[in-house]
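Okay, so here's the structure we're looking at.
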Amino acid sequence: MTAKIIDGKAYAEGLRARIANAVKELEAKHGLKPGLAVVLVGEDPASKVYVANKAKQTVEVGMNSWEHRLDASTSEKELLALVDKLNKDPAVHGILVQLPLPKQIDSSKVLSALDPAKDVDGFHVVNVGKLSTGQDALVACTPVGSVMLAKDALGKKLEGLEAVVIGRSNIVGKPVAQLLLAENCTVTIAHSRTKDLPQVVRRADLVIAAVGRPEMVKGDWIKPGACVIDVGINRIERDGKAKLVGDCDYASCAAVAGSITPVPGGVGPMTIACLLHNTVRAACAQKSLPVPEM
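Quick note: this note's numbering has the sequence shown finishing at residue 308, numbered continuously throughout.
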């Protein structure tokens, strides 16, 4: 058996095209142009590239885009003042403060200061609480993208499947488990201290690996025909060259799985697309409008 490759890049392209149509529809019918403000503090190279990509893709789907690039020495008070200003700006429907922040700034304080209705990263405790109690919420982008890819690979319905999530972070593990519960999966959250982890993973029809350990999940952990969503992005040295790998040993897992995401080109491209998706949803909610199909 060779697994079907789940092409996250192609799915994200399709999603962005649907988002662009939704943005056109909102502007034509309601005069509403969704807008996303991204805040970057400091000169972290990976964050700079990511923020530039976010701004480019925001404009490409027809939305307003604002970038606020602040010096690494920016104080917590200055950043909180900017967040307050963006919260109050009616043209801004989504706000994203790029993490990590410099050490003089308390990230949790900044995230808590965001208007939950504009928290398109889905990290505010109000959105986390709404998700965990089954209410409509803005949900972290990577978990949303992971579930979209799983539904596409498995023919839309996940109901009744046994799902194992490896990793319990607030950014991926916990929210993706909540999303899978909402899809009526039977969900196990496993992690590095789970007793006999390979045996737990072998039960799963759907594996979502988000543990941050390069190639930890081996092919003999995977149930034949299972769907594997690999969220991990790990940079390693191999044969003297830098290489990106996931949390799954791709070759051995692909030999057993029914479908699998590659790294890169799997979950990664979905994150920005889902950020744009969240921004459209946030804009509609703020104006009490129905969300166009996307």
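Virtual Cβ for every residue (Gly too), placed ideally from N, Cα, C.
Source: prediction; values computed, not measured.
In the three-state DSSP reduction, Ser61 falls in the helix class (H, G or I). The alpha-carbon separation between His82 and Leu50 amounts to approximately 11 angstroms. Under the three-state reduction of DSSP, His107 is assigned to coil, being neither helix nor strand. About 16 angstroms separates the Cβ atoms of Ala191 and Cys241, ruling out a contact at the 8 angstroms cut-off. Residue range 22-44 is occupied by the alpha helix (DSSP H) that includes Lys43. With fewer than 16 other CB atoms across the displayed protein chains lying within 10 angstroms of its CB, Lys99 is exposed.
Nearest C-alpha to Lys301 among Lys18, Lys43, Ala24, Asp21: Lys43. Nearest to Gly76 by C-alpha distance, out of Leu258, Leu96, Glu39, Glu251, is Glu39. For Lys102, the secondary structure class from DSSP, reduced to helix, strand or coil, is helix. Taking 8 angstroms as the upper bound for CB-CB distance, Ile33 and Leu290 are in contact here, some 5 angstroms apart.
In this structure, the straight-line span from the alpha carbon of Ile222 to that of Val178 is close to 6 angstroms. Cys288 places its beta carbon 8 angstroms or farther from that of Cys199.
Val97 has its alpha-carbon roughly 40 angstroms from the corresponding atom of Ile19. Using a Cβ distance threshold of 8 angstroms, Ala204 and Ile180 count as a contacting pair. Beta-bridge pairing by DSSP links Ile19 to Ile274. Here Thr285 has Cys155, Thr156, Gly159 as same chain residues with Cβ atoms under 7 angstroms from its own Cβ, once five neighbours each way along the sequence are excluded. CA-CA distance, Lys132 to Asp261, rounds to 31 angstroms.
Exclusion of the five residues before and after Val52 leaves Val65, Lys68, Glu81, Leu110 as the residues of its chain whose Cβ lies within less than 6 angstroms of its Cβ. Beta-bridge partners of Ile180 (DSSP): Ala204, Ala223.
In the DSSP assignment, Asn248 falls within the beta strand (DSSP E) that extends over 248-252. For Ala256, the pairing in a beta bridge is given by DSSP as Glu251.
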